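At position 69 of the sequence shown (counting the first as 1) the number is 351 in the working numbering, and the numbers step up by one without a gap.
Don't be surprised by glycine CBs; every beta carbon is placed ideally from N, CA and C.
Quantities reported herein were computed from a predicted structural model and do not represent experimental measurements.
Down below is the structure, laid out as structure tokens.
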Amino acid sequence: MARGALIGHFEGFTISFPALWKHLTEQCFFSLKQASKYNAERDSERTLRLRQELVSKWKEICVDFQKNCVFIDEAGFNSQMMRGRAWSRVGEPAKVKVHSRKGVNISIIGCISPFGTINLSKVEPL
């Protein structure tokens, strides 16, 4: 795809895949990674406007994140969680053995301030 687009812009130009790969990795400092997904709405005009309005309201009421704010967040885990990548010998698939049963879901809720951790709680599944 990138090679075809590059060749299309320059008449009589050709480049091999290994040469293109070498240029991208050594000169442009690109690397091939596992892609992460995010919602397209995150960058929409409406979302950006709402964020700006919220920050303006916080400024009006003198919110000081260093003195008078507490941050609460939840993280979910499952005992079947595993990394998306694994090591294997060249030419062999990367297989990871998992249990046949579905794992237990665990949620942890944390509360922090600029002065340190206030509380961490494990939420028991229903």
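According to DSSP, residues forming a beta bridge with Ser389: Gly358, Val405
Cβ-Cβ separation, Pro407 to Val386 (assumed contact under 8 Å), whole Å: 7 Å
Beta-carbon spacing of Ile391, Ile400 below 8 Å: Going by C-beta atoms, Ile391 is not nearer than 8 Å to Ile400.
Rounded C-alpha distance that separates Cys310 from Ala284: So the alpha carbons of these two residues sit roughly 14 Å apart.
DSSP-derived helix/strand/coil call for Thr329: helix
Minimum Cβ-Cβ distance from Lys349 to chain D less than 8 Å: Considering every chain present, this structure includes no chain D. It has just one protein chain.
Gly358 versus Phe397, Val405, Tyr320, residue with shortest Cα-Cα distance: Val405
Cutoff 8 Å; reference Gln362; Cβ partners in own chain excluding five residues on either side: Cβ within range, chain order: Val380, His381, Lys384, Gly385.
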